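Chains A and B are the protein sequences, given in the same order.
In this text, residue positions in the first sequence follow our numbering: the first is 1, and each later residue adds one.
In this text, residue positions in the second sequence follow our numbering: the first is 555, and each later residue adds one.
Backbone N, C-alpha and C fix where the C-beta goes; we use that ideal spot for every residue, glycine too.
Remember, predicted model here, so these are calculated numbers, not experimental data.
The structure appears below as structure tokens.
Protein chains: 2
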Amino acid sequence: MRVADYLANYISELGVHNVFMLSGTGSVHLDDAFAFQKDMKHICARHEAAAVHMAEAAAKLTGKIGVVIATTGPGGVNAISGVVEAWVDSTPVLVISGQVNTHQVSEGIRSFGVQGFNIIENVRNITKYAVQITDPYSIKLHLEKAIHEAYSGRPGPVWLDIPFDVQAAEININNLEGFTIESKPNLSSERKLNEAISLIRNSEKPLVIFGQGVRNSLAIKEFEIFLETYQIPAICSRMALDILPYDNSYFFGMGGMRGHKAPSILMREADTIVILGSSFTHAYAGDHYDFYNQDAKSIMVNIDNSEATKPGLRIDISLNMDIKEFLNASNNLSKNNDLKPSKWLQRCRYLHENLPSVDDSMAKNPINSYYFVECLNRVSKENHIFVNDAGSSNYICSQALKLKNGQREITSGAFYTMGIALPLAIGASLTEDTAQVIAITGDGSIELNIQELRTLSQNNLDVKLFIINNGGYASIRKSQDELVGGGRYTDDAEVLNFKNIAKAFELEFEILENYETLELDLEKILSTKSSVLIEVVCDFKQEIIEPFNIDYIK
Amino acid sequence: MRVADYLANYISELGVHNVFMLSGTGSVHLDDAFAFQKDMKHICARHEAAAVHMAEAAAKLTGKIGVVIATTGPGGVNAISGVVEAWVDSTPVLVISGQVNTHQVSEGIRSFGVQGFNIIENVRNITKYAVQITDPYSIKLHLEKAIHEAYSGRPGPVWLDIPFDVQAAEININNLEGFTIESKPNLSSERKLNEAISLIRNSEKPLVIFGQGVRNSLAIKEFEIFLETYQIPAICSRMALDILPYDNSYFFGMGGMRGHKAPSILMREADTIVILGSSFTHAYAGDHYDFYNQDAKSIMVNIDNSEATKPGLRIDISLNMDIKEFLNASNNLSKNNDLKPSKWLQRCRYLHENLPSVDDSMAKNPINSYYFVECLNRVSKENHIFVNDAGSSNYICSQALKLKNGQREITSGAFYTMGIALPLAIGASLTEDTAQVIAITGDGSIELNIQELRTLSQNNLDVKLFIINNGGYASIRKSQDELVGGGRYTDDAEVLNFKNIAKAFELEFEILENYETLELDLEKILSTKSSVLIEVVCDFKQEIIEPFNIDYIK
């Protein structure tokens, strides 16, 4: 069996049935092995970064590693944009790259062989494990180690670079050595854990801020029990919008600069904040970590200790441990509690109900994009997968989506990578092929991976791709107005003619311009099974809600 | 004056008048300063990698540094693909990236602030100088150092990462300190130089293999004198095809796996090879450096010593020095020589004349792509700039173009980066706005930067973009036939409908399908000033010439 076949077989047996790739001569054995592997579908992307985004979507939906094959040189290098995204957003993705023959690989030289490049030394900082395979018999060891690293601790991407001769090398799979996982000791002490629990219990106004770490540690159920047990209100960060349904009675939406309105007040009122599996960035907590009550006590539970030790951030109790372990321990300690909803919880519910993002005044033409997203949300079903892009469409979705039980939402949470929605949507649709994907992107963002429109139509996926046309880079114009004075815009890129774009890439096309028929139009669009590109002509002067600028409610 | 304005002003005074960018909030002061700088045009690309390719074209044409502005996080990360290309192809490009505010920058953490990312530690291996500016008053020092590094020795990309507050910082430019260049000693000894000259003189069959180092050291004139003085035949590598006109009587085309036919024989017959400013890769010299006479003596002159010390490559005399210095010294030593064309030179000329790439048998339908390129070449004028892509269109151009005096050719020489032709063409046209650009790409390659078609049409550039339609990734299918057995193709990506693509991106469209009218059709197309996309339907089974497989001629 070729090393390449061993890899394809192993990955297939993990239960990963989609591999995303762009064929190349330097990866020819890898391409061939994965393409002709039983129970494996290979999807040809048209740019390697997009292939990684597709694999990210698969990983985010299934919890299993996403797999990408790239060729040597520019192929692997193109994948880097996607890998950085997976790195900052903690997604387990495995990139397997082709390389020139082993004897041509050289250190300390710009390139070698045909398109040879030292990719490993250039991805070491953005992966959890990255190695070039020089001995065919080491394949099992490195593969198992890479997969283990991708999942363990804070998840992230890993990379195996496989020279041409090694891909093709015949191996006897009975002679392969595997990787033995060493169990890691619990990183935080019981004393600190008890201190944290005691602080939460004794707070009048505790507030949980949770991130995708809750999902990554497979602890959503335990988290729901925790909130109920402690009767504690919770707000989420960008990647955790779909962990609890919007109507969960302990959940009050997303916090931060581009979050919901109520959380901006809750953050200023809480006397203890408990940050669970969230990186609690400046975008969330303020430029100087000053968006929340500066007298509040803070607890952070994170498997990645570097998040708690960021310069300028004051954490009173830092628990460097798995979220699930923390929740189980907390839930056990308070099993017999019989807490009643406090005044604080009632206050949270009051603010939440009285500070909606979308209201009736938005029902007008030109279409308000908040109104559009809310309407789309309303007609969506429980098995819909939402996919969002960067820029203003991301902010609008953060603030207007009210996700239902069972719905997922996939986007770029830490990096706001422009153009990510289209490849994410393709990856999501291929992964959950019975679900319909609702993707929302912007007229600027769509351009960065526009080549994948043809991958979408060619695979005839049930993806509805909504493009919010607000006249170009709206969020950048807004920054320029605020930061360098009005009217000094640098961006002269004209918005595309999306009708012609749809035709060119062989997609059905719809245009939505009227709020009055919007709900009916959307129902009709969602009732089909085909790939459709829908241009939503919105108000070019749409303002983004700034929750920290709203009038404070006593 | 803001630091950003100081930068824009300095770059403008260097004589660089185009800056390639994609606006972002994290780079808002940079974007603003460059966009509103006198004598500076800002070109908004639609992907940062493409912006770098555009800047590469500018640098390759003018010899001056190409300049790119990217925003923080995904912006800078997207630029990496372009920077690697500039690194392997030795092109002086400066990327200036935005970054979050200084107080938010953290080490050892995946991301910080809004879209913050430690870009510098991720580009250090692929740049000659990369630094984050933390003190506004260090801007002149780092800028001058970066620019010096970009040009000095083997050229390459450099990177300045500038936090938001530093971009905006007001500085008194009288208080800035600059960078003083320390002169470096000559790296090679006079003894070795004399040995090399003596070896060349005493060889019966010397052969020069020259690369773009000749152009980079501004030594084309000295090189022509050298060839005449020593009556020595020369063949080039991929990036040097436009250094001598095809009709120079000492120049016999390109060598290597995808080169012309005659050089493949000359390499096997030469008794001394003199490699000047070329990296002499495996693609050129053979998988085991065995494409040339193994008894030949070898001399390498290269400013980058790592090229001479590659594992497996035997160099008898390695001169680690500037090409111009070498040529001047050699020319001085042999000033009074009166050599006559040798039998060896006559042999070179005989083979060159009798082994053309294109012959009359190719004049038929479907269009042979060699015939097409030769025809295009024939109708081209002396101020035409050719731009080529990767894949089979690159090979066909290498083998069929016969560049005229004054013509330039720009392509990806070391990396064969797919999709590079379109952004290179845009960069070239903006840089030399009185010249017409003839770009040749493939139906696969065009997809990787297809978003830039709108940048082309919006700027209304005089670029004729020819897409060779050979039914998809032809060069990959060929590899698969050879390497994994016939018929196991992994690539199912269907070729685009280019007529609709042209319409979508607002370009004129032409289709060429008949060899008989080809020359007239091409003349007509080149007679206009507008941006045109031309689909050339070629033989889907076109074979690439393999010069080392041709019958040897005694």
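Please list the terminal residues of the continuous alpha helix (DSSP H) segment that includes residue i.
i: B:Arg769; result: 767 to 770
i: A:Lys615; result: The requested residue 615 of chain A does not occur in the structure, where chain A is confined to residues 1 to 554.
i: B:Gln1034; result: 1028 to 1037
i: A:His29; result: 28 to 35
i: A:Ile197; result: 190 to 201
i: A:Val16; result: Here A:Val16 belongs to no alpha helix (DSSP H), and DSSP marks it neither H nor E.
Where do the N-terminal and C-terminal ends of the beta strand (DSSP E) with residue i fall, by residue?
i: A:Tyr129; result: 129 to 132
i: A:Gly427; result: Note, A:Gly427: premise wrong, no beta strand (DSSP E); alpha helix (DSSP H) at 421 to 431.
i: A:Ser279; result: Careful: A:Ser279 lies outside any beta strand (DSSP E) and carries neither H nor E.
i: B:Glu1064; result: 1062 to 1066
i: A:Ser318; result: 317 to 319
i: B:Ile994; result: 991 to 996
i: A:Pro311; result: Element bounds for A:Pro311: n/a, residue is neither H nor E.
i: A:Asn469; result: 463 to 469
Assuming the contact rule is C-beta atoms closer than 8 angstroms, residue i and residue j should be a hit. Round their C-beta distance to whole Å, please.
i: B:Trp641; j: B:Ile680; result: 5 angstroms
i: A:Leu512; j: A:Val495; result: Not a contact, Cβ separation roughly 16 angstroms.
i: B:Thr626; j: B:Ser651; result: 7 angstroms
i: A:Glu447; j: B:Arg600; result: 4 angstroms
i: A:His260; j: A:Pro547; result: 6 angstroms
i: A:Val100; j: A:Pro163; result: 6 angstroms
i: B:Ser1033; j: A:Val77; result: Rounded, the Cβ-Cβ distance is 19 angstroms, inconsistent with contact.
Excluding the 5 residues flanking residue i on each side, which residues of the same chain have their C-beta closer than 6 angstroms to its C-beta?
i: B:Phe1094; result: Asn1024, Gly1025
i: A:Val68; result: Phe20, Ala51, Val52, Ala55, Val95
i: A:Val166; result: Val3, Ile133, Pro136
i: B:Leu695; result: Glu731, Phe733
i: B:Tyr705; result: Pro646
i: B:Ser1029; result: Gly945, Ser946
i: B:Ala723; result: Val557, Pro690
i: B:Ala794; result: Phe764, Gly765, Gln766
i: B:Glu940; result: In the sequence as presented, Glu is not what sits at residue 940 of chain B; that position holds Phe. Same-chain partners within the cutoff: Glu963, Ile992.
i: B:Phe1020; result: Ile994, Ile1088, Val1090
i: A:Asn216; result: Pro155
i: B:Val712; result: Leu648, Thr681, Lys682, Tyr683, Ala700, Glu703, Ala704
Ordered along the chain, which non-local residues of its own chain (more than five positions away) have a Cβ less than 7 angstroms from that of residue i?
i: B:Leu1114; result: This structure does not reach residue 1114 of chain B, given that chain B is present from 555 up to 1108, and the question cannot be answered.
i: A:Tyr203; result: The amino acid occupying residue 203 of chain A in the given sequence is Ser; Tyr does not appear at that position. Excluding sequence neighbours, A:Ser203 sits near Asp271, Thr272.
i: B:Ala773; result: Ile877, Lys878, Leu881
i: B:Ser983; result: Val991, Leu1015, Asp1016, Val1017
i: A:Ala35; result: His42
i: B:Leu899; result: Gln785, Pro787
i: A:His17; result: Asp39, Met40, Lys41
i: B:Lys746; result: Ile871, Leu873
Under 8 angstroms Cβ to Cβ from residue i, same chain only, skipping five residues before and after it: list those, please.
i: A:Cys538; result: Pro366, Ile367, Asn368, Ser369, Phe372, Ile468, Asn469, Asn470
i: A:Glu195; result: Ile317
i: B:Ser577; result: Asp585, Cys598, Thr625
i: A:His148; result: Phe179, Ile181
Check distances from the C-beta atoms of the segment 949 to 968 of chain B to those of chain A and list, in chain order, the residues that come in under 7 angstroms.
Answer set for the segment 949 to 968 of chain B: Ala968.
Check distances from the C-beta atoms of the segment 973 to 1002 of chain B to those of chain A and list, in chain order, the residues that come in under 7 angstroms.
Residues passing the 7 angstroms Cβ filter: Glu1001, Leu1002.
What residue ranges within the segment 104 to 187 of chain A form continuous alpha helix (DSSP H) runs of no fewer than 4 residues, ordered along the chain?
Listed in chain order, the complete alpha helix (DSSP H) runs (minimum 4 residues) inside the segment 104 to 187 of chain A are 119 to 123, 139 to 151, 164 to 168.
Where in the segment 885 to 945 of chain B do unbroken runs of the alpha helix (DSSP H), each at least 4 residues long, occur, reported from the N-terminal end onward?
Note on the segment 885 to 945 of chain B: whole alpha helix (DSSP H) runs with a minimum of 4 residues are 897 to 908, 923 to 933, in chain order.
Going along the chain, which residues of the segment 1094 to 1108 of chain B sit with their C-beta nearer than 7 angstroms to a C-beta in chain A?
Answer set for the segment 1094 to 1108 of chain B: empty.
Anything in the segment 818 to 837 of chain B with a Cβ closer than 9 angstroms to a Cβ of chain A? List those residues in chain order, please.
Within the segment 818 to 837 of chain B, the residues whose Cβ lies closer than 9 angstroms to some Cβ of chain A are Ser833, Thr835, His836, Ala837, listed in chain order.
Looking at chain A, which residues of the segment 663 to 679 of chain B have a Cβ within less than 9 angstroms of any of its Cβ atoms?
Along the segment 663 to 679 of chain B, the positions whose C-beta sits under 9 angstroms from a C-beta of chain A are Ile663, Arg664, Ser665, Phe666, Gly667, Val668, Gln669, Gly670, Phe671, Asn672, Glu675, Asn676, Val677, Asn679, read in chain order.
Let me know the alpha helix (DSSP H) ranges lying completely inside the segment 49 to 104 of chain A, each 4 residues or longer, listed in chain order.
Here the runs fully enclosed are 74 to 88.
Output, in sequence order along the chain, the residues in the segment 28 to 60 of chain A whose CB is closer than 7 angstroms to any CB in chain B.
Taken in chain order, the members of the segment 28 to 60 of chain A whose beta-carbon sits within less than 7 angstroms of a beta-carbon on chain B are Val28, His29, Asp31, Asp32, Ala35, Phe36, His42, Cys44, Arg46, His47.
What residues from the segment 1021 to 1034 of chain B come within 8 angstroms of chain A, judged by C-beta to C-beta, listed N to C?
The residues in question are Tyr1027, Ser1029, Ile1030, Ser1033, Gln1034.
Members of the segment 297 to 329 of chain A that neighbour chain B once the beta carbon cut-off is set at 8 angstroms:
Taking a C-beta cut-off of 8 angstroms against chain B, the contacting residues of the segment 297 to 329 of chain A are Asp304, Ser306, Glu307, Lys310, Pro311, Gly312, listed in chain order.
Return the residues of the segment 495 to 529 of chain A that lie within a Cβ-Cβ distance of less than 8 angstroms from chain B, sorted by chain order.
If you check each beta-carbon in the segment 495 to 529 of chain A against every beta-carbon of chain B, the ones closer than 8 angstroms belong to Leu496, Asn497, Asn500, Ile501, Lys503, Ala504, Phe505, Glu506.
Along the segment 60 to 76 of chain A, what residues have a CB closer than 7 angstroms to any CB found in chain B?
For the segment 60 to 76 of chain A, the set of positions with a beta-carbon nearer than 7 angstroms to some beta-carbon of chain B reads Gly73, Pro74 in chain order.
Members of the segment 447 to 464 of chain A that neighbour chain B once the beta carbon cut-off is set at 8 angstroms
Correct list: Glu447, Leu448, Ile450, Gln451, Arg454, Thr455, Gln458.
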